[in-house]
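Novice:
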Amino acid sequence: MAPSPAAAREFEQNLLNAPTPRITVETLWETDLTADKLTAHLESAQRVPRPVGLAGGYTSAGKLTVLAVAVGSNVLLVRLRNAGKVANLDTARTLLKDELLCSAANLLHAFDMHTLALSLYSDARLPIANAIDIQSACTCDSNRVVANAVEFAMTSTKHSGIYRANIDATFGSEVWDERKPSPLAFKAWLAGYIPLVGDMELRLAQVGRIDTGALHETKLEALAGFMRSDQRLDAMKPGKTKHEFRAVNATNDKFMLQSERYQTRVQGRDGPVRMSVTDQYGAQYTVSGTAKDVQGRIATVKAAGIMAGKVVGSVQSTARAAASSRTMAERDKDATILAMLQGTSKLFESPFLKTMYPGDQEVVWPESLPTLPDQLPVAFDQKPLNSSQEKAVLAMLALNNNSRITIIQGPPGTGKTTVITAYVHSACSAGQAGIWLVAQSNVAVKNIAEKLISTSFEPWKLLVAKDFHFDWHEHLYKTINSHIIRSDDFRPASKELAGCKVILCTLSMLSHPNIHLFTAKIPVKVMVVDEASQIAISGYIPPLNAFPSLQKLCFIGDDKQLPPYGQEQTASIQSIFEISHLRDQAIFLDTQYRMPVTIGSFISKAVYDGQLQSCHKITGPACFFVDVSDGKEKRSGTSWENIAECHAACKIAAKLQEEEEDFRIITPYDAQRNALENTLKTAGVPWQNKCFNVDSFQGNEEDNIIISLVRSSELGFLNDLRRTNVMLSRCKKAMFICTSWDFLVAGKGAKSLVGRMAEAYGDVAWVSMQDVEDGNF
1 MAPSPAAARE FEQNLLNAPT PRITVETLWE TDLTADKLTA HLESAQRVPR PVGLAGGYTS
61 AGKLTVLAVA VGSNVLLVRL RNAGKVANLD TARTLLKDEL LCSAANLLHA FDMHTLALSL
121 YSDARLPIAN AIDIQSACTC DSNRVVANAV EFAMTSTKHS GIYRANIDAT FGSEVWDERK
181 PSPLAFKAWL AGYIPLVGDM ELRLAQVGRI DTGALHETKL EALAGFMRSD QRLDAMKPGK
241 TKHEFRAVNA TNDKFMLQSE RYQTRVQGRD GPVRMSVTDQ YGAQYTVSGT AKDVQGRIAT
301 VKAAGIMAGK VVGSVQSTAR AAASSRTMAE RDKDATILAM LQGTSKLFES PFLKTMYPGD
361 QEVVWPESLP TLPDQLPVAF DQKPLNSSQE KAVLAMLALN NNSRITIIQG PPGTGKTTVI
421 TAYVHSACSA GQAGIWLVAQ SNVAVKNIAE KLISTSFEPW KLLVAKDFHF DWHEHLYKTI
481 NSHIIRSDDF RPASKELAGC KVILCTLSML SHPNIHLFTA KIPVKVMVVD EASQIAISGY
541 IPPLNAFPSL QKLCFIGDDK QLPPYGQEQT ASIQSIFEIS HLRDQAIFLD TQYRMPVTIG
601 SFISKAVYDG QLQSCHKITG PACFFVDVSD GKEKRSGTSW ENIAECHAAC KIAAKLQEEE
661 EDFRIITPYD AQRNALENTL KTAGVPWQNK CFNVDSFQGN EEDNIIISLV RSSELGFLND
721 LRRTNVMLSR CKKAMFICTS WDFLVAGKGA KSLVGRMAEA YGDVAWVSMQ DVEDGNF
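According to the UniProt record's numbering, the sequence shown is numbered sequentially starting from 1.
(1) Kindly indicate which residue of E660, Y423, A329, G56 has the alpha-carbon position closest to the one of D177.
(2) Considering S482, what are the terminal residues of the alpha helix (DSSP H) in which it resides?
(3) DSSP three-state call for M757: helix, strand or coil?
(4) For T414, which residues in the same chain have their Cβ closer than 7 Å to its Cβ, ignoring the five residues on either side in sequence?
(5) Kindly provide the ranges of any alpha helix (DSSP H) runs that are 4 or more residues long and lie completely inside the stretch 131 to 204, ordered along the chain.
(6) Tell me which same chain residues have a C-beta within less than 6 Å of the C-beta of L108, skipping the five on either side of it?
(7) Within its chain, find whatever has a CB closer than 6 Å to the CB of K446; leave out the 5 residues flanking it on each side and keep chain order.
(8) Identify whether residue 779 lies in helix, strand or coil by the three-state DSSP scheme.
(9) With a 10 Å radius around its C-beta and 16 neighbouring C-beta atoms as the bar for buried, classify A291 as buried or exposed.
(10) Note down the Cα distance separating H483 from P492, rounded to an integer number of angstroms.
(11) Mind checking who D374 pairs with in its DSSP beta bridge?
(12) With DSSP as the reference, please indicate the residues paired to V287 in a beta bridge.
(13) Report the residue from L215, A222, F226, Y423 whose alpha carbon sits nearest the alpha carbon of P377.
(14) Give me the residue from I556, G557, V526 with the minimum Cα distance to P543.
(15) Taking one C-beta from the stretch 394 to 410 and one from the stretch 436 to 455 each time, how about it: are there three or more such pairs within less than 8 Å?
(16) Under a three-way DSSP split, which group does R491 fall into?
(17) Going straight from the alpha carbon of G430 to that of I587, what length do you get?
(18) Would you identify the three-state DSSP class for Q592, choosing helix, strand or coil?
(19) Can you pull the DSSP bridge partners for S636?
(20) Check each candidate in D374, T682, F380, V419 and name the one with the smallest Cα separation from M396.
(21) Are the Cβ atoms of L77 and T34 separated by less than 9 Å?
(22) Check for me: the alpha helix (DSSP H) holding Y121 runs from which residue to which?
(23) With Y423 as the anchor, note down where its beta strand (DSSP E) starts and where it stops.
(24) Is it buried or exposed for A303, if we count other Cβ within 10 angstroms and need 16 for buried?
(25) Please confirm whether A760 and A750 have their CB atoms less than 9 Å apart.
(26) Can you give, in chain order, each stretch of the beta strand (DSSP E) that sits fully within the stretch 716 to 764 and has at least 3 residues?
(27) What is the DSSP secondary structure of V86, counted as helix, strand or coil?
(28) Taking a contact to mean a Cβ-Cβ separation below 9 Å, would you say V277 touches V266 in this structure?
(29) Could you check the C-alpha separation between N249 and S508 for me, to the nearest Å?
(30) Report the rounded CA-to-CA distance for P686 versus N725, giving the unit in angstroms.
(31) With a threshold of 6 Å on Cβ separation, who are the neighbours of K748 within its own chain once the five nearest residues in sequence on each side are excluded?
(32) Figure out for me which residue from E658, I618, G499, A222 has the closest Cα to the Cα of E458.
(33) Would you kindly work out how many angstroms separate the C-alpha atoms of I522 and S580, rounded to a whole number?
(34) Since I537 and M356 are thought to touch, with beta carbons under 8 Å apart, how far apart are those beta carbons, to the nearest angstrom?
(35) DSSP state of Q672, grouped into three classes?
(36) Run the CB neighbour count on V86, radius 10 Å, all protein chains shown included, and call it buried at 16 or more, exposed below.
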């Protein structure tokens, strides 16, 4: 049914001029919902099946708390109660299910319908049928930006454009604000109106319907968990970024700057930029702008004003709306989950996914998958493998239905990269190809590549994003540069893959739109995932969906080290190591070669139940605690710093530098990392690529490690056993921990892993600040 002239004028006024639509809104608790109220609301539609618009309002934690139901210009807001706390909800929920969500008389439309459908199941245990995702009918935009979808819908009408500011502002947040019900009502109204515009009814009729009631509970639980974890991660993304930079040039309405740090670089996809400036007369004010041209470190900001002659004091950008700021991998995962609900993806039938989430489903491996009747031998003579490493390599080489998924736990320094390299040599010696080595971080991928080079293995390529490589990290790839293919060279380079058997890349690179140029020639047959304990299971959805050629998955990681990002905030974010029936089958690498024996033995007892052996030539004291008695923790924004510990770390670094010893400084807090860099710089001590926060140093090692704990009153970071384990297990020769005796021995720090280490080593491990000043350590 085409919209009436009055409705069309209303639509134009709402989207082009007015901040909110002129609609009637009624709000009631779920327990106040009656059949008469709901029926009267639905029957205000002029036909059956009725086009109904839905929208969800969520808490800051992502829990569905309000359901908006729009029919014509009338919107009903139903506030959901917690079934565990309020009695007699069965009647209301049965009413919602039978009369609204699962009624054949309704065609339900929503933006991001898959999120709403899974939230209804997860938070209210309500199924939904005849549910249509609006963006699926608007093929103009893979980012699924609502304003783009609305604009697409309007192309068949006489409207020349839409008022994007109203739409962007309304869809900018999913968090329900009881004081401002209009945005949620507007979302539902717009979802119910879109089917009435131009040819959208026909387009929407061709979209796969979502029917969660027809899906197995195991599948729904898995998908709902993936969705909820993504919501939490989106909520955790910083709304603003303060950029570290130095000015390059300012002319007319443009300001050119050079970003100083990769993590805070200016990006082309950044939202609005605000700059604090001082003009030639000393006046200070703020200028807004947009990042228009970014090439490596250099970015040009087009400003709303003349920049020539002005001094820029700070540059800060605001994050774009969630849809337009999502990475390729996030969009790929989102699209796959939607396709699974719509029935257009066969991923539910993947035996790999069924093995991860079996429920009562029978796992049947296709007969077309190749198997090896005999065990392939280990063919690696570069370095002797210990028995646990050899066991791990043999498990990776096995190819039968009982070994399609292999999990290996590798504590710090146990040779995880050596195991991967030995597997690659052995598999390729047996004539296998199509091996893809992936990891969460570029650094982990680079480390594997360097190991391959050092063992004279040549038939491989490493795919790396230009954004990471150009002007930022080219120095990391010097020894492997001839094997690098940068993303801006994918098309020509993909034609030169003769003899290549192994591809290395990050997991997110598998979602690159041009990855098919490589998978077409080197199909993904075996995927080896390093840092698997840091990767949420949902991250494997895109490759499992995209590469039916997959024959085997090998996961290598350590669930006693860094978890997937955000796991502390929501338990639904799990790595493969949190799936108990798979974790129980993990092969444990039992010998560490990195840390001096005294450190390795403590880590083994405190973290790995004494199962980790140490093989190292340094058997004497190797860990020293520096008593920075006057060190005080101080809040710095959302982080912490301790200036006295900076000076102590700097003194130690200066002596190590003088003795030509390699060192790195790691700390739990970004503010302290910045303060450490500035202290080293001021003292004339090498500072570039010397200071790291703990998370960014995972997978790395150095001869001498200096640690600044920062905290002097509260535990903070030290409550996190996994991250503390990472921090304490990086050194190959010696470790210097800057803290205070009062905090670590007599105070709250005694309860932490570091405090237990101090207790184990006793007073002889302590060094005074006077000793540090005098160089007596």
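Cβ coordinates follow ideal geometry from the N, Cα and C atoms, glycine included. None of these values were measured; they are calculated from a predicted model.
Specialist: By the coordinates alone:
(1) The closest CA to that of D177, considering only E660, Y423, A329, G56, is found on G56.
(2) S482 -> no alpha helix (DSSP H), and no H or E assigned at all.
(3) helix
(4) L589, T591, Q592
(5) 146 to 153, 164 to 170, 182 to 193
(6) V52, L54, N130, A131
(7) L476
(8) The requested residue 779 does not occur in the structure, where the chain is confined to residues 1 to 777.
(9) A291 comes out buried.
(10) 14 Å
(11) Answer is none; D374 lacks a bridge partner.
(12) M275
(13) Y423
(14) V526
(15) Contact between the stretch 394 to 410 and the stretch 436 to 455 is absent: fewer than 3 CB-CB pairs across the two stretches fall below 8 Å.
(16) helix
(17) The question names Gly, yet the displayed sequence has Ala at residue 430. Cα-Cα distance, rounded: 23 Å.
(18) strand
(19) As DSSP reads the structure, S636 sits in a beta bridge with S639.
(20) V419
(21) no
(22) 113 to 124
(23) First-last for Y423: 416 to 429, but that is the alpha helix (DSSP H), not the beta strand (DSSP E).
(24) buried
(25) Contact flag unset, no.
(26) 731 to 739
(27) Low confidence applies here, because V86 scores a pLDDT of 49, under 50, leaving its location unreliable; read the following figure in that light. Coil.
(28) no
(29) Looking at the two C-alpha atoms, the distance is approximately 35 Å.
(30) 27 Å
(31) L715
(32) G499
(33) Taking C-alpha positions only, I522 is separated from S580 by approximately 33 Å.
(34) 7 Å
(35) helix
(36) At V86 the pLDDT is 49, less than 50, meaning the model places this residue with poor confidence; the figure from the coordinates comes in the next sentence. Classification for V86: exposed.
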